[in-house]
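Number of protein chains: 2
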Amino acid sequence: MEKESRKIMHGVECCDIEEVHADKVQMVSEQMPPEDRLYDLAELFKAFGDTTRIRILFALFEAEICVCDLAASLGMTQSAISHQLRLLKQARLVSGRREGKQIVYFLADDHVRTIIQQGMDHIME
Amino acid sequence: MEKESRKIMHGVECCDIEEVHADKVQMVSEQMPPEDRLYDLAELFKAFGDTTRIRILFALFEAEICVCDLAASLGMTQSAISHQLRLLKQARLVSGRREGKQIVYFLADDHVRTIIQQGMDHIME
DNA sequence: CAAACATATGAATAAATGCTCATATGATAA
DNA sequence: TTATCATATGAGCATTTATTCATATGTTTG
Numbered sequence: 059m060e061k062e063s064r065k066i067m068h069g070v071e072c073c074d075i076e077e078v079h080a081d082k083v084q085m086v087s088e089q090m091p092p093e094d095r096l097y098d099l100a101e102l103f104k105a106f107g108d109t110t111r112i113r114i115l116f117a118l119f120e121a122e123i124c125v126c127d128l129a130a131s132l133g134m135t136q137s138a139i140s141h142q143l144r145l146l147k148q149a150r151l152v153s154g155r156r157e158g159k160q161i162v163y164f165l166a167d168d169h170v171r172t173i174i175q176q177g178m179d180h181i182m183e
Numbered sequence: 059m060e061k062e063s064r065k066i067m068h069g070v071e072c073c074d075i076e077e078v079h080a081d082k083v084q085m086v087s088e089q090m091p092p093e094d095r096l097y098d099l100a101e102l103f104k105a106f107g108d109t110t111r112i113r114i115l116f117a118l119f120e121a122e123i124c125v126c127d128l129a130a131s132l133g134m135t136q137s138a139i140s141h142q143l144r145l146l147k148q149a150r151l152v153s154g155r156r157e158g159k160q161i162v163y164f165l166a167d168d169h170v171r172t173i174i175q176q177g178m179d180h181i182m183e
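Each protein sequence line maps, in turn, to chains G and Z.
Quick note on numbering: the working numbering labels position 48 of the first sequence as 106, and the sequence is numbered without any gaps.
Quick note on numbering: the working numbering labels position 69 of the second sequence as 127, and the sequence is numbered without any gaps.
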């Protein structure tokens with residue numbers, strides 16, 4: 059996922075109506091959340107922005123599942139699943155606990171279901 | 059944003075417990091939404107997965123704004139904003155209407171606010 | 001009409017991403 | 001302990017992505 063350290067934007071050359079709509083420009087910058095919050099938000103949604111990760115999350119809607127069964131369920135390699143689980147853990151969307159030889163993954167909290175449900179509502183119009 | 063036409067996965071070599079947890083594997087595939095729905099969902103969340111687009115959405119929380127004012131507000135070029143607006147339109151998160159020389163953008167519906175609010179709740183723990 | 005303005009878009013580029021392969025880590029079983 | 005199993009991870013590659021620059025489209029004004 060993007061590291062988002064893109065070089066700071068320059069060249070704010072634009073049309074001449076800045077003064078006309080200065081009120082809006084002002085209001086926007088007043089209400090804009092701080093940079094690190096915006097960054098965290100974007101990172102969170104990036105975690106949902108891939109079909110493999112979405113499938114993993116749907117799988118975990120049903121049950122707690124080990125890496126190996128996830129790989130089998132989704133028809134992908136253990137390595138691919140494991141890499142994606144790392145990203146989902148970083149976004150705190152899933153957690154895992156060891157059970158003997160295996161590590162069982164589960165949804166970290168209820169926001170995951172809510173966000174996906176809202177997304178579903180949106181694409182279903 | 060990813061075209062997501064990645065070659066179909068192969069090599070389902072995995073551990074030997076597939077049979078052990080066959081019930082889970084089965085349940086997962088029964089409940090998994092169809093491929094095109096998963097794709098649309100991932101594409102939707104990708105649209106939220108970039109700080110520039112998140113900033114545009116926050117800006118539009120406050121008011122309907124033309125491209126030029128958006129560029130001024132965010133300190134970015136008109137071109138960069140316009141490219142991102144195209145993606146947001148494709149995801150049906152924003153719409154625009156012409157008003158004289160300008161095109162004024164606004165949030166397409168209320169899911170946008172809800173989804174971002176849920177995301178905020180999640181990162182705020 | 002032409003000139004000026006606001007927005008859109010194509011090409012190019014640097015950076016990020018997802019998968020594969022090989023290998024490492026860490027737990028259990030013999 | 002050593003062997004085996006389940007998971008994690010680093011490197012490499014092909015693809016995707018966000019921005020810039022230059023230019024095109026479309027509207028209004030003179």
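Note that the Cβ used here is the ideal one computed from N, Cα and C, for glycine as well.
Test: residue 53 of chain G CB closer than 8 Å to a CB of chain Z: Since the first and last residues shown for chain G are 59 and 183, residue 53 of chain G lies out of range.
Under a three-way DSSP split, which group does residue 165 of chain G fall into? For the purposes of this step, residue 165 of chain G is taken as residue 107 along the first sequence, with counting starting at 1. Strand.
Name, please, each residue of chain G whose Cβ falls closer than 9 Å to the Cβ of residue 154 of chain Z. By one-based count along the second sequence, residue 154 of chain Z stands at place 96. What residue 154 of chain Z touches in chain G: nothing, since even the nearest Cβ is about 15 Å away.
Please classify residue 149 of chain Z: is it buried, with 16 or more other beta-carbons within 10 angstroms of its beta-carbon, or exposed? Translated into the one-based positions of the second sequence, residue 149 of chain Z becomes position 91. Around the Cβ of residue 149 of chain Z, a 10 Å sphere holds 16 or more other Cβ atoms; the residue is buried.
Can the beta-carbon of residue 115 of chain G be found closer than 8 Å to that of residue 174 of chain G? The count along the first sequence starts at 1 and reaches residue 115 of chain G at position 57. The count along the first sequence starts at 1 and reaches residue 174 of chain G at position 116. Yes, they are a contact pair.
Against chain Z, with Cβ distances strictly below 8 Å, would residue 86 of chain G count as a contact? Along the first sequence, one-based indexing puts residue 86 of chain G at 28. Yes, its Cβ sits closer than 8 Å to a Cβ of chain Z.
Determine the contact status of residue 119 of chain G and residue 84 of chain Z, defining contact as a CB-CB distance below 8 Å. Counting from one through the first sequence, the residue named residue 119 of chain G turns up at place 61. Counting from one through the second sequence, the residue named residue 84 of chain Z turns up at place 26. No, Cβ-Cβ distance for residue 119 of chain G and residue 84 of chain Z is not below 8 Å.
Taking all protein chains shown into account, do 16 or more other C-beta atoms lie within 10 angstroms of the C-beta of residue 101 of chain G, making it buried, or fewer, making it exposed? Residue 101 of chain G sits at position 43 when you count from the first residue of the first sequence. Counting Cβ neighbours within 10 Å, residue 101 of chain G comes out buried, since at least 16 surround it.
If we count the other Cβ atoms within 10 Å of its Cβ and call it buried at 16 or more, is residue 8 of chain G buried or exposed? Because residue 8 of chain G is not part of the residues shown, which for chain G are 59 to 183, the question remains open.
Measuring alpha carbon to alpha carbon, tell me which of G/126, G/182, G/137, G/131 ends up nearest residue 157 of chain G. In the first sequence, counting from the first residue as 1, residue 157 of chain G sits at position 99. The shortest C-alpha to C-alpha distance from residue 157 of chain G to any of G/126, G/182, G/137, G/131 is the one to G/126.
DSSP three-state call for residue 157 of chain G: helix, strand or coil? As a working note, residue 157 of chain G is residue 99 in the first sequence. Secondary structure of residue 157 of chain G (DSSP, three-state): strand.
Residue 79 of chain Z and residue 176 of chain G closer than 8 Å at C-beta: Here residue 79 of chain Z is taken as the residue at index 21 of the second sequence, counted from 1. Here residue 176 of chain G is taken as the residue at index 118 of the first sequence, counted from 1. Judged by beta-carbon spacing, residue 176 of chain G lies beyond the 8 Å limit of residue 79 of chain Z, meaning their Cβ atoms are not closer than that value.
Contiguous alpha helix (DSSP H) assignments of at least 4 residues, all confined to the stretch 93 to 130 of chain G: If you keep only unbroken alpha helix (DSSP H) runs of at least 4 residues inside the stretch 93 to 130 of chain G, you get 93 to 106, 109 to 120.
Check whether chain G comes within 8 Å of residue 113 of chain Z, counting only Cβ atoms and requiring the distance to be less than that. In the second sequence, the residue the question calls residue 113 of chain Z occupies position 55. Cβ-Cβ to chain G under 8 Å: yes for residue 113 of chain Z.
Under a Cβ-count criterion, where at least 16 other Cβ atoms within 10 Å of its own Cβ denotes burial, should residue 82 of chain Z be classed as buried or exposed? As a working mapping, residue 82 of chain Z is identified with position 24 in the second sequence. Looking at its Cβ environment, which holds 16 or more other Cβ atoms inside 10 Å, residue 82 of chain Z is buried.
My understanding is that residue 109 of chain G touches residue 146 of chain Z, with C-beta atoms under 8 Å, so please give their C-beta distance in whole angstroms. Walking along the first sequence from the start, residue 109 of chain G turns up at place 51. Walking along the second sequence from the start, residue 146 of chain Z turns up at place 88. At roughly 20 Å, the Cβ-Cβ gap does not stay under 8 Å, so residue 109 of chain G and residue 146 of chain Z are not in contact.
Could you tell me the distance, in whole angstroms, from the CA atom of residue 123 of chain Z to the CA atom of residue 106 of chain Z? What you label residue 123 of chain Z is simply residue 65 of the second sequence in a count that begins at 1. What you label residue 106 of chain Z is simply residue 48 of the second sequence in a count that begins at 1. Approximately 19 Å between the Cα atoms of the pair.
Does the distance from the C-beta atom of residue 38 of chain G to that of residue 151 of chain Z stay below 8 Å? The structure shown does not extend to residue 38 of chain G, since chain G is modelled only from 59 to 183, so the question has no answer here.
Does residue 147 of chain G come within less than 8 Å of chain Z when only Cβ atoms are used? Working through the first sequence from its first residue, we reach residue 147 of chain G at position 89. Answer no: the Cβ-Cβ gap between residue 147 of chain G and chain Z never drops below 8 Å.
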